[in-house]
Amino acid sequence: MFERKQNVRFNSNVDVFSFLNTPVASDMTDEEKRSTWYSKDELRTLRGNAREASRLIRQKYEESISLHVPQHYFISVFEECSRGLELRIDPERQENINTTRHVIMKYQQRL
2 MFERKQNVRF NSNVDVFSFL NTPVASDMTD EEKRSTWYSK DELRTLRGNA
52 REASRLIRQK YEESISLHVP QHYFISVFEE CSRGLELRID PERQENINTT
102 RHVIMKYQQR L
């Protein structure tokens, strides 16, 4: 019903940064480190934003299940950016990761 040709698009507004001239952390002053790296608060905010975006995408997708719309079509229609959030969005992938971790931990206990 919703056959769609797969394609890839890239954002035309791209900022490119070179890290070739960035000193290693051990050679940086505290001020240089603060201005270069994310702070704990910034990382906490990024994680919270990812968590909230994932929750909203999952919620919208679950509401659309009755329409039998594929997830990739649904997300693109609402112009949600799910890049990098695949694991958080897809419960099946989460279950697969948890099962894999469990098996690995169980196997390591035997060693």
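Counting from 1 along the sequence shown, just add 1 to a position and that's the residue number in my numbering. In this text, a Cβ means the ideal position worked out from N, Cα and C, and glycines have one as well. None of these values were measured; they are calculated from a predicted model.
Below 8 Å CB to CB, which residues in the same chain sit around E33 once its five sequence neighbours on both sides are set aside?
Counting from 1 along the sequence shown, the entry for residue 33 is found at position 32. For E33, where only same-chain residues beyond five positions count, the Cβ hits under 8 Å are P24.
Compare the beta carbon distance of I98 and S55 with 8 Å and say whether it is the shorter of the two.
Locating residue 98 in the sequence shown gives position 97, counting from the first residue. Locating residue 55 in the sequence shown gives position 54, counting from the first residue. No; because the gap between Cβ atoms is not below 8 Å, this pair is not in contact.
Looking only at its own chain, which residues have a Cβ that is under 8 Å from the Cβ of Y39, when we skip the five neighbours before and after it?
Stepping through the sequence shown from its first residue, residue 39 is reached at position 38. Correct list, in chain order: L47.
Coarse secondary structure for Y108, derived from DSSP in three states:
As a working mapping, residue 108 is identified with position 107 in the sequence shown. The answer is helix: DSSP assigns Y108 an H, G or I state.
Give me the Cα-Cα distance between E96 and Q60, rounded to the nearest whole angstrom.
Here residue 96 corresponds to residue number 95 of the sequence shown, with the count starting at 1. Here residue 60 corresponds to residue number 59 of the sequence shown, with the count starting at 1. Using only the alpha carbons, I get a separation of about 18 Å.
Kindly indicate which three-state DSSP category R10 falls into: helix, strand or coil?
One-based indexing of the sequence shown puts residue 10 at position 9. Three-state result, R10: coil.
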